[in-house]
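A.B. asks:
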């Protein structure tokens, strides 16, 4: 069984059904009936007026958000393990036309006001250095850690004091919200987030992510940037339909809860082997090469993550019954 | 009935079926079983080794192709009515980092060696001017005209003589091939094309286009550029599956033939009203505002295309029975 | 004698003297005593508060101005014979990160509200097309024609009505002002210009041009862009000193008057041969190849400018005595 | 007396004299007699055929070199204290269209094969990460340390083994060569350097630096990039003349030797206070705030460089007589 990545999982039934329903003639690009519902539907979810744009990838959502808030001669502060730094092949630099990522520390890939301040204070305020314009945090982080509303608010306070915008890479936003048990508003705009990459694909979607602007005016130029990037797909209704289907009846939350629950099962089994507390759907274990091999021999696949470390990611469709054998195998190591 | 755009049409049944079939666990990005078939399958179709990359939009296909062949300080020669010039919000400039589009003339948006030469000869060969690196032609053109293999070869001869690459925007490539009745190889690499944007979406696809490199080495850096643009979708198997489904049993050709046939029906009805010969699935008519209104009153929707002109586009799923009433209405004007 | 280009001329004595005077220890970049005088000195010249930045080339001045007023997804309207379109190797696209130049007509490379409106009206107001943000005019134009204050104001009225900024490429601004006999303010900010590339090099400077922002806030980000472009030279005092030297005692105007006077001498001699009225320091003549050869045989050098056309440019240091033999030779053709 | 920066120093007499000599009519841009001598003159200096381009700033030289060797989707390895990382406001990102700087360690801002290897080995070889294309080293470094030919060759061996190009930022190249006492060839192309930013401005020049390509083909596209960046000044002869004047009779070496000698004087006086060995013209001292204040009270100006640290830079024109009082004051602390 595969625990490589939640990107490997299939799309959930509601998404497939939505594609069939949307498979009718409608206006091209984002002029269709589904796309036109997004602003209102997502505003309702967040309890505040937002602008919501579908895009086909999380990288696109992240980078359009960053480009909306950072000029080419600016900088973005993020964790040195952030996806935008390590796994997007320089897409932030492409979309922002060369802004610089300034790298900060933090346990479990979580930034803190202190680690951000260290970067800010190391930057001279003169034209010889790029000046920070944005802080980008990932929730849940690349190590499956979750920023609470209080965590986010503390960072936002610093951001506001220094005139910076705040972006949340929410490739696993649903997992974070499911963990906290809060309203999605609490951990975003109410805590000071300006733009959210709201992930659906890892959580049971197929090819649709959502870029949510809590500062609505940021969407205006982004509409041009999205088109200019080739991201305004001509049959956009199929993307909007995926998002709407997963928002309906809280499927996005149910899927995330299921994945989190699977990870929690593994966490219990792993005990002292855990490298990071398990808060979302990722489990990082200390395992010897021999132990890793023995798990693989039992049919469990996962990535090595540095020497003596394994990463296991649980997907929305992996049931407790599927996961229990792995949990037992880990406990038995 | 809508004749606005083939982008308004639904996806064809084979595409929907393929999405269901692909809806299983597999490796993320382009490591899955479908994506890995593309090079071989498309090479077989063209009868020569190619590199074939899925992308979610035609703009992405065009611009990745152009970026592979034109440096930032270079220029691309295209028709002044080309989609890359008028309808992509500067995406070629974004992807190439600022290359310039040099605009040439030609009846029906078809370039000719003469009109290209006029642009080339107006460019001084010094560092004060951007130097042309690529010619981009659209087949079928924005006015539904088709470049034959001989047309393409004549342009390619000029391109080779001047050291230029040749790109074909094939958003409606299937319609062109169906019209000519040739092998897809004849009108591409055998006629000197280096890179093809092979369109599926307008022709019954959902969110997948294909970028085909006949000079395979161009794909190497493009793999990075695709990722960097946020175009390497994490569940790429759903894109590859769409393409493979339409290539199977020549569905791509059948769909295009159907659309072309519908356009031919209208062309016959239109007679002297035709602004351009109808070779693919687009029909451009001379109509007075009153005539246009009368057609709309009968329930036929389409775009005005300049004063006294209407554009009607036939989609893969519009049957002769659907179109005949419009043909009769046009004939009766 | 050379009439190729005013770029071929030496620097004027005041400039060389200023370099010697500035050849002392002072703060690097633009922290020196000369650079710090610029805002005030140039504000006094224009009779309004401006921000004035030295740069080492006219291309830099133009492109920093354009980048300050046009986003990457925007467009700049200019004449199809404009220097920024034809002679800067895509520098506007480089500095703006890929904005598009939309080309307008006009006799003698002079735009008019009508020719600009034609471009504006051909642009659809949707995200598929780049939207104009700036109009750029060249004064004096590439054909030596001059925009009067009324000409500029008419264009500015249109710009304001459409929400566009107005840039003036003043590589030969001094020649234009000298021709009109107005205050430099009259033909710039009082007529609605937002940013001026104020040329010194063709007019007796060595390596310093001035970028003048009449909307002062545009300078803020430009300071970063200038540095980021490698244009914030480390010994900037030598550039500021050149500019200040030429502003002193109206040397910039005297130099321009001298060059204009030389051109006027030739214009009188040329009579019907003139292709454009001579208003600044450039003369465009109709000459047969034989006539051109005969002038060259007499030792006069100049560029052919299209078939049967010659361009002669008079520099600040070419005296009437130097020019009269050419005038006589032209008259004798 | 000022010890802030060698950028604060005036130009040396030979440079001023050269400007006067060059102050005649000649062809614009780089078509003049001085510019045309550069390739040959610099090839002779280095004992190998090179292409040598003047540019007005060291940032331009660095970034044009990097852009010639690194694609937008690539990366450049440099020291975390490198000028290109910290003091050019993102110019490398601008010129390369968004390449990423990967930061390596090393005492005294000197990279070593080991510290470079650490960065290389941390980079996965897949399309999700930017791949290194260039190593950039600064000689002398930002802390006045010098790479010997053996140091450079060791890095070049690694570069070649990994398929990387090697750039040397030689803003203080003359000081490094003067320190080593080698031929400029020994520490550049013979040790594997592909491109050198050969600094003149800090060493007695005014507004001219040299970009030297030891792989001549890199110059071809760079000629376009230089123009496109607005760096092809229209009166280029004044830049070429500066460079030629300083190469004549080894003035460049004499100036550097003088500055190095001054620094050596201070180094002897400083003894244990030295933070870095003094090899070029920079001296970094441990001083308390009180000690720094006492030096300033005596009329010596310099930058604080982190807490308890001072940076003193000696310029070409600071004589032993000028420096001795400072040396004595330091010794007396």
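Chains as they are written, first to last, in this note's numbering: chain A, 3 to 335; chain B, 3 to 335; chain C, 3 to 335; chain D, 3 to 335. In this text, a Cβ means the ideal position worked out from N, Cα and C, and glycines have one as well. Note that this is a predicted model, so its numbers are computed, not measured.
1) If you measure from the beta carbon of residue 227 of chain D to each beta carbon in chain B, is any gap under 7 Å?
2) Between which two residues does the alpha helix (DSSP H) carrying residue 17 of chain D extend?
3) Going along the chain, which residues of the region 208-223 of chain D sit with their C-beta nearer than 9 Å to a C-beta in chain B?
4) So, does the CB of residue 129 of chain D fall closer than 7 Å to a CB anywhere in chain B?
5) Which residues in chain D have a C-beta closer than 9 Å to the C-beta of residue 96 of chain A? List them in chain order.
6) Under the rule that 16 or more other beta-carbon atoms within 10 Å means buried, what is residue 300 of chain C, buried or exposed?
7) Out of B/171, B/226 and B/156, which has the shortest C-alpha to C-alpha gap to residue 164 of chain B?
8) Give the DSSP bridge partners of residue 211 of chain D, in chain order.
9) So, at 8 Å on beta carbons, what are the nonlocal neighbours of residue 115 of chain C in its own chain, with the 5 sequence-adjacent residues on each side left out?
10) Please confirm if residue 336 of chain A has its CB atom under 7 Å from at least one CB of chain D.
11) Taking only runs that begin and end inside the region 75-150 of chain D, name each unbroken beta strand (DSSP E) of 3 or more residues, in chain order.
12) Is it a yes or a no for the region 128-137 of chain B touching the region 74-93 of chain B, going by three-plus beta-carbon pairs under 8 Å?
13) Inspect the beta-carbon positions of residue 215 of chain C and residue 197 of chain C and report whether they are closer than 7 Å.
14) Count Cβ pairs between the region 54-72 of chain B and the region 45-60 of chain D that sit closer than 8 Å; are there 3 or more?
15) What in chain C is Cβ-close to residue 246 of chain A, meaning under 9 Å?
16) Short of 8 Å Cβ to Cβ, which residues in the region 229-240 of chain D face chain B?
17) Taking 7 Å as the CB-CB cut-off, is residue 8 of chain D touching chain A?
18) One question on the structure: do residue 271 of chain B and residue 193 of chain B come within less than 7 Å of each other, judged by their Cβ atoms?
19) Should residue 58 of chain A be flagged as near chain B, meaning a C-beta pair shorter than 7 Å?
20) If we require 3 or more residues per run, which beta strand (DSSP E) segments fall completely within the region 151-215 of chain B?
21) One question on the structure: do residue 94 of chain A and residue 25 of chain B come within less than 7 Å of each other, judged by their Cβ atoms?
22) Does residue 203 of chain D have its Cβ less than 7 Å from a Cβ in chain C?
23) Quick one: which chain B residues come within Cβ less than 8 Å of residue 89 of chain C?
24) Please go through the same chain and pick out, in chain order, the residues whose beta-carbon is closer than 7 Å to the beta-carbon of residue 334 of chain D, but skip the five residues on each side of it.
25) DSSP state of residue 28 of chain A, grouped into three classes?
26) Measuring alpha carbon to alpha carbon, tell me which residue in D/207, D/153 and D/227 is nearest residue 128 of chain B.
27) Closest to residue 265 of chain B by CA distance: which of B/278, B/306 and B/99 is it?
28) Quickly, what does DSSP pair residue 286 of chain B with across the bridge? List them, please.
29) Indicate whether the contact test is met: 3 or more Cβ pairs, each with one atom in the region 217-225 of chain D and one in the region 38-45 of chain C, closer than 8 Å.
30) Can you tell me which of the three DSSP states residue 239 of chain D falls into?
31) Buried or exposed: where does residue 124 of chain D fall if 16 or more other Cβ atoms within 10 Å of its Cβ makes it buried?
32) For a cutoff of 7 Å on Cβ pairs, would you count residue 92 of chain C as touching chain B?
33) Which residue marks the beginning of the alpha helix (DSSP H) containing residue 292 of chain B, and which one marks its end?
34) Taking 7 Å as the limit between beta carbons, can you name the residues of its chain near residue 102 of chain A, skipping five residues before and five after?
35) Quick one: Cα of residue 336 of chain B to Cα of residue 284 of chain B, how far?
36) Could you tell me which of A/186, A/171 and A/19 sits nearest to residue 67 of chain A, measuring between CA atoms?
C.D. replies: Here's the rundown:
1) Looking up residue 227 of chain D in the fourth chain gives position 225. Residue 227 of chain D belongs to the set of residues whose beta carbon lies under 7 Å from a beta carbon in chain B.
2) Here residue 17 of chain D corresponds to residue number 15 of the fourth chain, with the count starting at 1. Per DSSP, the unbroken alpha helix (DSSP H) holding residue 17 of chain D starts and ends at 15-23.
3) Along the region 208-223 of chain D, going in chain order, the ones with a CB nearer than 9 Å to a CB of chain B are 223.
4) In the fourth chain, residue 129 of chain D corresponds to position 127, counting from 1. Output row for residue 129 of chain D: interface = yes.
5) Residue numbering aside, residue 96 of chain A sits at position 94 when the first chain is read from its first letter. Chain-ordered, the chain D residues with CB closer than 9 Å to the CB of residue 96 of chain A read 74, 75, 99 and 100.
6) Along the third chain, one-based indexing puts residue 300 of chain C at 298. Classification of residue 300 of chain C: exposed, given that the 10 Å Cβ count is below 16.
7) Numbered from its first residue, the second chain carries residue 164 of chain B at position 162. Comparing Cα positions, the closest option is B/156.
8) As a first step, residue 211 of chain D is located in the fourth chain; it is residue number 209 there, counting from the start. According to DSSP, residue pairing for residue 211 of chain D in a beta bridge involves D/57.
9) Locating residue 115 of chain C in the third chain gives position 113, counting from the first residue. These residues qualify, in order along the chain: 156, 157, 159 and 160.
10) The structure shown does not extend to residue 336 of chain A, since chain A is modelled only from 3 to 335, so the question has no answer here.
11) For secondary structure counted as the beta strand (DSSP E) over 3 or more consecutive residues, the region 75-150 of chain D holds these complete runs in sequence order: 76-81, 102-106 and 133-140.
12) Taking a cut-off of 8 Å on C-beta distances, the region 128-137 of chain B touches the region 74-93 of chain B, as three or more cross pairs fall below it.
13) Position 213 of the third chain, counted from the start, is the residue given in the question as residue 215 of chain C. Position 195 of the third chain, counted from the start, is the residue given in the question as residue 197 of chain C. The Cβ atoms of residue 215 of chain C and residue 197 of chain C lie closer than 7 Å to each other.
14) No, the region 54-72 of chain B does not touch the region 45-60 of chain D.
15) The residue labelled residue 246 of chain A in the question sits at position 244 within the first chain. Under a criterion of Cβ atoms nearer than 9 Å, no residue of chain C is adjacent to residue 246 of chain A; the nearest Cβ is some 22 Å distant.
16) Listed by position, the residues of the region 229-240 of chain D near chain B (Cβ gap below 8 Å) are 229, 230 and 234.
17) Translated into positions along the fourth chain, residue 8 of chain D becomes position 6. So no, residue 8 of chain D is outside the interface.
18) Within the second chain, the letter at position 269 stands for residue 271 of chain B. Within the second chain, the letter at position 191 stands for residue 193 of chain B. Going by C-beta atoms, residue 271 of chain B is not nearer than 7 Å to residue 193 of chain B.
19) Residue numbering aside, residue 58 of chain A sits at position 56 when the first chain is read from its first letter. Yes - at least one Cβ of chain B is within 7 Å of the one on residue 58 of chain A.
20) DSSP runs (the beta strand (DSSP E)) wholly in the region 151-215 of chain B: 167-172, 197-200 and 211-215.
21) Counted from its first residue, the first chain places residue 94 of chain A at position 92. Counted from its first residue, the second chain places residue 25 of chain B at position 23. Cβ distance not < 7 Å, so residue 94 of chain A and residue 25 of chain B don't count as in contact.
22) Here residue 203 of chain D is taken as the residue at index 201 of the fourth chain, counted from 1. With its beta carbon less than 7 Å from one in chain C, residue 203 of chain D belongs to the interface.
23) Here residue 89 of chain C is taken as the residue at index 87 of the third chain, counted from 1. Result: 130 and 131.
24) For the purposes of this step, residue 334 of chain D is taken as the residue at position 332 of the fourth chain. Take residue 334 of chain D, set aside five residues on each side of it, and no residue of its chain has a beta-carbon closer than 7 Å to its own.
25) Within the first chain, residue 28 of chain A is the residue found at index 26, counting from 1. Correct three-state label for residue 28 of chain A: coil.
26) Taking the second chain and counting its residues from 1, one reaches residue 128 of chain B at position 126. Cα-wise, what sits closest to residue 128 of chain B is D/227.
27) Taking the first residue of the second chain as 1, we reach residue 265 of chain B at position 263. The shortest C-alpha separation from residue 265 of chain B is found at B/278.
28) Sequence index remark: in the second chain, residue 286 of chain B carries index 284 (1-based). According to DSSP, residue 286 of chain B bridges with B/313.
29) The region 217-225 of chain D, when compared against the region 38-45 of chain C, does not touch it at the 8 Å Cβ threshold.
30) On the fourth chain, position 237 is the one that residue 239 of chain D refers to. Of the three classes helix, strand and coil, the one that applies to residue 239 of chain D here is helix, per DSSP.
31) Counting from one through the fourth chain, the residue named residue 124 of chain D turns up at place 122. Exposed.
32) Counting from one through the third chain, the residue named residue 92 of chain C turns up at place 90. Against chain B, the CB of residue 92 of chain C has a partner CB under 7 Å away; the residue lies at that interface.
33) Here residue 292 of chain B is taken as the residue at index 290 of the second chain, counted from 1. Counting along the chain, the alpha helix (DSSP H) containing residue 292 of chain B begins and ends at 291-299.
34) Taking the first chain and counting its residues from 1, the one referred to as residue 102 of chain A is at position 100. Cβ neighbours of residue 102 of chain A beyond the five flanking positions: 77 and 132.
35) The question about residue 336 of chain B has no answer, for chain B in this structure spans 3 to 335.
36) Your numbering for residue 67 of chain A matches position 65 in the first chain. The shortest C-alpha separation from residue 67 of chain A is found at A/171.
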